[in-house]
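*Asks:* Right, I'll just put the structure down here and ask away after.
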């Protein structure tokens, strides 16, 4: 749906995709739809979306960053009408992108003789 007086487009995610979004592949479908618009503001309407996976949320957020960082054909994107579960998933992924964990897990392997383990198990 396009509203030229306000220069915005609303894309109904459920109609375009499905009520359950569980794959990164949705980003390419969504990107094609966004490219078709000639407006500067795009609302992604999550009405009746029941679930979005971490990977799908990540790819949608990457797509948002991609369009908002362009200098030519830049699009501002907003998420609207997301239920609590969908909104929380998008927030969690966005927060992780803003403040990723800096420390890597420490790996300290211990060298063990397999024969001593077998003897111990047999005893």
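In our numbering, the protein residues as written are -16 to 106.
Cβ atoms here follow ideal geometry from the backbone N, Cα and C, with glycine treated the same way.
Would you mind reading off the limits of the alpha helix (DSSP H) that contains residue 27?
*Replies:* Taken as a continuous stretch (DSSP letters only), residue 27 belongs to no alpha helix (DSSP H), being part of the beta strand (DSSP E) at 24 to 28.
*Asks:* Would the region 19 to 33 count as touching the region -12 to -2 if we require 3 or more Cβ pairs under 8 Å?
*Replies:* The answer is yes - the region -12 to -2 touches the region 19 to 33, with three or more Cβ pairs under 8 Å.
*Asks:* Inspect the CB distances between the region 0 to 8 and the region 48 to 56 and report whether three or more fall short of 8 Å.
*Replies:* Result no; under three Cβ-Cβ pairs closer than 8 Å.
*Asks:* Take residue 166 and list the residues in its own chain whose beta-carbon comes closer than 8 Å to its own, dropping the five residues that flank it on each side.
*Replies:* Residue 166 is absent from the structure shown; the chain starts at -16 and stops at 106.
*Asks:* For residue 13, which of helix, strand or coil comes out of DSSP?
*Replies:* DSSP places residue 13 in helix when its eight states are reduced to three.
*Asks:* For residue 69, is the classification buried or exposed, using 16 other Cβ atoms within 10 angstroms of its Cβ as the cut-off for buried?
*Replies:* With 16 or more other Cβ atoms within 10 Å, it is buried.
*Asks:* Any idea which residues DSSP pairs residue 61 with across the strands?
*Replies:* DSSP lists 26 as partners of residue 61.
*Asks:* Out of 93, 37, 46 and 62, which has the shortest C-alpha to C-alpha gap to residue 12?
*Replies:* Nearest of 93, 37, 46 and 62 to residue 12, Cα basis: 46.
*Asks:* Need the endpoints of the beta strand (DSSP E) that residue -9 sits in, please.
*Replies:* Unbroken beta strand (DSSP E) run through residue -9: -9 to -5.
*Asks:* Here's the rule I'm using: 16 or more other beta-carbon atoms within 10 Å means buried, otherwise exposed. How should residue 105 be labelled?
*Replies:* Exposed: under 16 other Cβ atoms inside 10 Å.
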